[in-house]
Amino acid sequence: MDRGKNIHLLADFGQNAVENTIAQGILYKNFPESRVIYSYSGAQKGYVVPAAVFMKMVLDSFAPGSIHICNISLRAEDAPVFLATPWNDGWILGPDNGLLPLIVENEDAVF
Numbered sequence: 006m007d008r009g010k011n012i013h014l015l016a017d018f019g020q021n022a023v024e025n026t027i028a029q030g031i032l033y034k035n036f037p038e039s040r041v042i043y044s045y046s047g048a049q050k051g052y053v054v055p056a057a058v059f060m061k062m063v064l065d066s067f068a069p070g071s072i073h074i075c076n077i078s079l080r081a082e083d084a085p086v087f088l089a090t091p092w093n094d095g096w097i098l099g100p101d102n103g104l105l106p107l108i109v110e111n112e113d114a115v116f
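Okay, here's the thing in structure tokens:
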């Protein structure tokens, strides 16, 4: 039985923010068999380095095939541009703001 993938949502908005509820609702609606794991980076909006450090600390805790969505420092008025890179048989997705290269730190990585 396929129980779905882990979907890890890392955000720089708190657990009680409306954005968190909306994001989790959309993920559960579109991927009902998956487990959504929410993490608050604790970083201020606009600070990608602490969010990258947080991700590097937790990445190895997830099963292969997990999908990591980094919703860090996006402004609501901007149309989001996301990048993706393969990671441990899964994916890391994040905004085009310099975050993914800080997490992956691999010159051969393709975004």
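In our numbering, the protein residues as written are 6 to 116.
Cβ coordinates follow ideal geometry from the N, Cα and C atoms, glycine included.
{"Check": "For Tyr52, the three-state DSSP class (helix, strand or coil)", "Outcome": "coil"}
{"Check": "Nearest-angstrom Cβ-Cβ length linking Gly95 and Ile77, presumed shorter than 8 Å", "Outcome": "In fact, because the Cβ distance is near 18 Å, the residues do not count as touching under 8 Å."}
{"Check": "Span of the alpha helix (DSSP H), counted from its first residue to its last, around Pro106", "Outcome": "Leu104 to Val109"}
{"Check": "Residue span of the alpha helix (DSSP H) that contains Ala25, given as start and end", "Outcome": "Sequence inspection shows Asn at residue 25; the Ala mentioned does not correspond to that position. Start and end: Val23 to Asn35."}
{"Check": "Candidates Pro91, Asn111, Lys61 and Cys75: closest to Asp101 by CA position", "Outcome": "Cys75"}
{"Check": "Three-state class that DSSP yields for Ser44 in the structure shown", "Outcome": "strand"}
{"Check": "Paired residues, beta bridge with Gly70 - DSSP", "Outcome": "Gly70 pairs with nothing; no bridge assigned."}
{"Check": "Whole-angstrom distance between Ala22 and Gln29, CA atom to CA atom", "Outcome": "11 Å"}
{"Check": "Buried or exposed by the 16-neighbour rule on C-beta atoms within 10 Å, applied to Phe59", "Outcome": "buried"}
{"Check": "Short Cβ contact (8 Å threshold) for Tyr45 with Gly19", "Outcome": "yes"}
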